[in-house]
Amino acid sequence: MSMIEPFESEFSRWRRRPLRLLLAALLAAGGGHPPTACAQVEADTLNPYFRIPGGTLADALDRFSEQSGLQLIYGADLPRQRPTPETVGAMPPAEVLNRLLAGTGLRWRLLDGRTVAIQRPGSEPPQAPGITRPSPVLPPAYTPPALQTGRMELSDITVVEDPSRVLPAELSRSAFGFNKSLLETPRSVSFISDESIDLFGLSAVEDLVRVVPGTYTPTRFGIQGGVDVRNVPADTFFRGMKRLNLQGHTPTVLSALDSIEVVRGPPSPIYGMGKIGGYTNVMPRSGRAADGRYLDSSRLRMRAVVGSYERSELSANVQGPLSLLDLHGGYQLFAMMLNSESYARGVPLDAKLAQATISLDDVLGHVRLETGFSAQSSRSAGALIGRFTQDLADHGRYIRGVPLVNLDLNGNGSIGYLEYNTASPARGALSTYNQALMQRWNWPLDAQGQPLPLRDFPRVAGIPQAMYDYLQTHPQADPTGALRAQGVGGPLPASGYLPVGFVLDPATVGFDHLDRRRFAAFERDLHADLFTAFIDLIDDHDPDFTVKNQLFFDGMDQYKISEQPFGTDQSPWVVEDRLTLTHRAQALPSWLRLNTLGALNVRYTDSPSRQCFGDFSTHRSDAMAATWVDARGGMTPNSTFTNCLVNSDIDKDGAPVTDHGRTRLLEIGAGLMFDAELLRSLDVMLGARQDVSLARNIEYADTVAVGGTSAAPGMPAQGNSAVHGWDQGASWSLSVSPHLPYDLRPYVTIAQASLTLDNNANRLPNPVIQAGHIGQSRLSEVGIKGMLLDRRLFISSAAYEQRRINVHVPDDPTITAEVSSTITRGWETEIKWVPARNFFTSLYGLVQKTVYAPNRGGSILIDARSLGFEDVRDPATGAVVYPAEAFLFGGRAFVQLPPNLNAYREKQGNPNTQLGMTLQARLDNGLGASLSGNYFSSVYAGRLRLIRLPQAVVLNAGLQWDRRVWQLRLDAFNLFDEQYFRARNGDTLADLPVSAMPGRRFQFSLAASF
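Below, the structure is given as structure tokens:
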């Protein structure tokens, strides 16, 4: 057996990949010496093709690195301007290096699977300009010939090792489509490796805020499926392809991912239309490494996790080489099962996931096949804290009490549509804001007809007429007569009458200290099945011209059954095909380098859904009642409403379907981008795109709209309603980035992008299609990036403004799409430092502010105290016997905010100042410790600024021990049991229901790798 063969066995799956050829030739050559005979035969058989124009040595080495897939490290003594001849043709990579270095006195040496060092024999070693993962272990039978003969007298070369992949060393296409390092990418991008996910116990996308600036996301009913980026909803990409909108029905399983990239700002013109704030691009685990390698044998990793709230998780990942019909490649299989409760009592979190990927080289000529799927099923519930007040936020004091009137007239345990209209009748014709349990108040005006500030709303004594009448006929509910003594009064809604179902029973009202784990705004059943698949055909054997076709499918089947009531049944799916070509221009002057990228995509989305609305019961349940049952979120027969997905027959105690329709969307687009380097000192990136789209939407006739009267409620739809319309949008992007000394890269990026104005259910309402379903956004970003301290310290800082454009009037029907019309301005900085292999730390800071543009009004949730209701006090003691808020806790109260009130222009819920830090240290014996923390400034819970959530400092700590095949982790989250809250998402439904964040909790994981 030749000396090269044992080493080749580890990489025998790299058929016709440049890196494989280079390694075989370089190792056989022994650091610049002629290759051995057997290696020369190997190289002659599979020589790669190089195209390196004549020019300077520095340029030539750059081209060699690009075309071979390796990084080169060399010192300042490199004669950068030395002329080199043109090198074109198929030849051993060792010969190319020897040609380029001929006459320089420099020698080369292979350090690991991806790094070649160039230096003079006997000189001080250069520092590595890049970051490498730990070197592969060579089979003991193999020793490079150069080391056998001792003909190389080089000092040890220090390579900065980064086992957790903290520093941005890896190339990425996520931001623009070009394969560039994050240092060279003129956009704010964060990279999170699977090592960091594991190390810091990141289990859900909302955990990203621990390590990534700008990803703080207000909570919602259910699981957080996606994140906000820069205070607006963001897209989720899977291997560079845009997924459907992920609602709160299923978690994103981070342990199944190899990496996550968070890109701020709209997507590149190559990727198609997308949201303003940015997107996360998740990369599943793969059987093929980024540098083209495959494993020589299968590897298995198993992991078990147990933790607080009865969390148990099992996962297994196996990957290895694959041979199929004389084709060689790799495979990866991942499976996970999660069973857990959550911080909110009665809210389960159960999920199952299976994922597989396959990569096969040379399936058709030089074409590589990459294919796979991800299938996931999950079950959960949704919950928020109801009856939230400033007193509760500051002191934990909670208002007790149950609704005064029983709405479950037939006693079957739930409230039907006819029942609540009968037991809590509204006056006059029913409408959206004149219902049995939903009313709206007009905004008060001053004597000059100008809107009053909220704090100056007039205080109106007395109790509602309906409550007074009920107490008169049921005096036992007011045993002291204190309520009746107030007389009739209180602020009146626009309808002129407040139905009796709104008020709480005075005999049960009081105060208590809230158990923060009791979330009484409860949605009992959320279920989702997700399936994602891809088939990619890639020809990149010639790095100067590559072709990639991506076929992508994403589908969901999900429902939510809430007894608030709210119900939704959705089964959207999307299929997209994208063809991408890249070309590196040749025969250019030495001062110019030019890469071109073009893409054509066709995307089709089909999104049927059925829903019923209500959410009357957000505050009806008493979280501290003795009747509390975890599994029901404390709901009782008088706070449980029938759901249309269970029973939609209103004549049989059901609830009507209020929205049933289907949107079909065809999107066709083409984009072109240029990446030019001028004079080796200035990068210019320019791109443009054109999209056209056909949208069709139908609203079916089997729905019941609000109408009629309380005696005969409901207004059945009169036939189907369908619209369709074409729309188009142009996108462009311009970035300029000069090269400065010390690896500093300042940049300016200006971009305008088209975006689809669908809602979070992947639907386009009829008015949006009629008004134009493609919107526009704009990003302006100025930043600087750098690699300092021998490239061990990475710094990225950016100031930005991003906004929707072409929205000028508050009554634009597209203004309330999920991509709401806002302007966000901010500054963010991210620092990552790896001074040694066993230590790293990172910091980030963010200051930003988002305002509505235009400053639109709207109907917004409000509480009774803010509207002007007054406390009822004991005349003898002055003690509050009936707090003002209790007058409206039985239903939903809205106020009509006028447009253009500057006091309410700012979007709330997302802290304006955010800080984050991480730290990890490890000993050589495998013991390690980690620390992470965040600071969130205080913020109002909603636009009306009714309740200010306190600032929070949250610290997490972990201990790790790695020993051979075993890895143990013990994590403590929220180490000091900080009590803090997170606002609800949405522009109109916040302020009152919020989420209490989990207290101190623990997690233990055990993993083994074989």
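Per my numbering, the sequence shown starts with residue 1, numbered consecutively.
For each residue, glycine too, the CB sits at the ideal point set by N, CA and C.
Test item: CB-CB of residue i and residue j under 7 Å
{"i": "Ala-864", "j": "Glu-830", "result": "no"}
{"i": "Leu-867", "j": "Pro-506", "result": "no"}
{"i": "Trp-441", "j": "Pro-493", "result": "yes"}
{"i": "Leu-338", "j": "Ala-351", "result": "yes"}
{"i": "Arg-165", "j": "Glu-206", "result": "no"}
{"i": "Tyr-398", "j": "Leu-407", "result": "no"}
{"i": "His-366", "j": "His-527", "result": "no"}
{"i": "Ala-256", "j": "Phe-373", "result": "no"}
{"i": "Ile-750", "j": "Ser-780", "result": "yes"}
{"i": "Lys-785", "j": "Arg-837", "result": "no"}
{"i": "Val-405", "j": "Gly-489", "result": "no"}
{"i": "Glu-1018", "j": "Thr-640", "result": "The requested residue 1018 is not part of the displayed model; the chain covers only 1 to 1010."}
{"i": "Pro-1036", "j": "Val-953", "result": "The requested residue 1036 is not part of the displayed model; the chain covers only 1 to 1010."}
{"i": "Arg-584", "j": "Asp-544", "result": "yes"}
{"i": "Val-684", "j": "Val-723", "result": "no"}
{"i": "Val-529", "j": "Asp-554", "result": "Before going on, a small fix: residue 529 reads as Asp here, not Val. Taking 7 Å as the Cβ cut-off, Asp-529 and Asp-554 do not qualify as a contacting pair."}
Residue i: first and last residue of the uninterrupted alpha helix (DSSP H) it sits in
{"i": "Ile-769", "result": "766-771"}
{"i": "Phe-64", "result": "57-68"}
{"i": "Met-467", "result": "465-473"}
{"i": "Ser-821", "result": "Premise fails: Ser-821 is in no alpha helix (DSSP H) and is neither H nor E."}
{"i": "Asp-198", "result": "194-199"}
{"i": "Glu-95", "result": "93-101"}
Supposed close pair residue i, residue j - CB separation, criterion 8 Å
{"i": "Pro-233", "j": "Ala-903", "result": "Rounded, the Cβ-Cβ distance is 25 Å, inconsistent with contact."}
{"i": "Ile-52", "j": "Glu-95", "result": "In fact, because the Cβ distance is near 12 Å, the residues do not count as touching under 8 Å."}
{"i": "Asp-991", "j": "Leu-946", "result": "5 Å"}
{"i": "Thr-756", "j": "His-773", "result": "6 Å"}
{"i": "Asn-826", "j": "Tyr-800", "result": "As written in the sequence, residue 826 is Gly, which differs from the Asn given in the question. Contact holds; Cβ gap of about 6 Å."}
{"i": "Ser-693", "j": "Leu-672", "result": "With 8 Å as the limit, Ser-693 and Leu-672 do not qualify as a contact, their Cβ atoms being about 19 Å apart."}
{"i": "Leu-959", "j": "Tyr-935", "result": "24 Å between Cβ atoms; not a contact."}
Coarse secondary structure for residue i, derived from DSSP in three states
{"i": "His-513", "result": "strand"}
{"i": "Lys-275", "result": "coil"}
{"i": "Pro-898", "result": "coil"}
{"i": "His-395", "result": "helix"}
{"i": "Glu-523", "result": "strand"}
{"i": "Ala-870", "result": "In the sequence under discussion, the amino acid at residue 870 is Glu, which differs from the Ala named in the question. Coil."}
{"i": "Ile-1022", "result": "Because the chain is modelled from 1 through 1010, residue 1022 falls outside the range shown and cannot be assessed."}
{"i": "Val-263", "result": "strand"}
{"i": "Ser-681", "result": "coil"}
{"i": "Gly-501", "result": "helix"}
{"i": "Asp-987", "result": "coil"}
{"i": "Phe-553", "result": "strand"}
{"i": "Phe-1010", "result": "coil"}
Buried or exposed (CB count within 10 angstroms, at least 16 for buried), residue i
{"i": "Thr-473", "result": "exposed"}
{"i": "Leu-19", "result": "The pLDDT assigned to Leu-19 is 38, lower than 50, so where the model puts this residue is not dependable; a value taken from the coordinates is nonetheless given after this. Label assigned to Leu-19: buried."}
{"i": "Gly-32", "result": "Because Gly-32 carries a pLDDT of 41, less than 50, the predicted location of this residue cannot be relied on, and no value is offered for it."}
{"i": "Gly-330", "result": "buried"}
{"i": "Phe-839", "result": "exposed"}
{"i": "Glu-310", "result": "exposed"}
{"i": "Gln-718", "result": "exposed"}
{"i": "Asp-235", "result": "buried"}
{"i": "Asp-758", "result": "buried"}
{"i": "Lys-652", "result": "exposed"}
{"i": "Trp-726", "result": "exposed"}
Bounding residues of the beta strand (DSSP E) (the contiguous stretch that carries residue i)
{"i": "Met-337", "result": "327-339"}
{"i": "Glu-313", "result": "311-324"}
{"i": "Gln-728", "result": "721-738"}
{"i": "Ala-485", "result": "That residue, Ala-485, is in no beta strand (DSSP E); it is neither H nor E in DSSP."}
{"i": "Tyr-420", "result": "Run containing Tyr-420: none in the beta strand (DSSP E); it sits in the alpha helix (DSSP H), 417-423."}
{"i": "Arg-603", "result": "592-612"}
{"i": "His-583", "result": "573-584"}
{"i": "Gln-908", "result": "First-last for Gln-908: undefined, no H or E at that position."}
{"i": "Ser-380", "result": "367-384"}
{"i": "Ala-436", "result": "Per DSSP, Ala-436 belongs to no beta strand (DSSP E) and is neither H nor E."}
Closer than 6 Å: residue i CB and nearest the ligand PLP heavy atom
{"i": "Leu-734", "result": "The ligand PLP is not part of the structure shown, which contains no ligands of any sort."}
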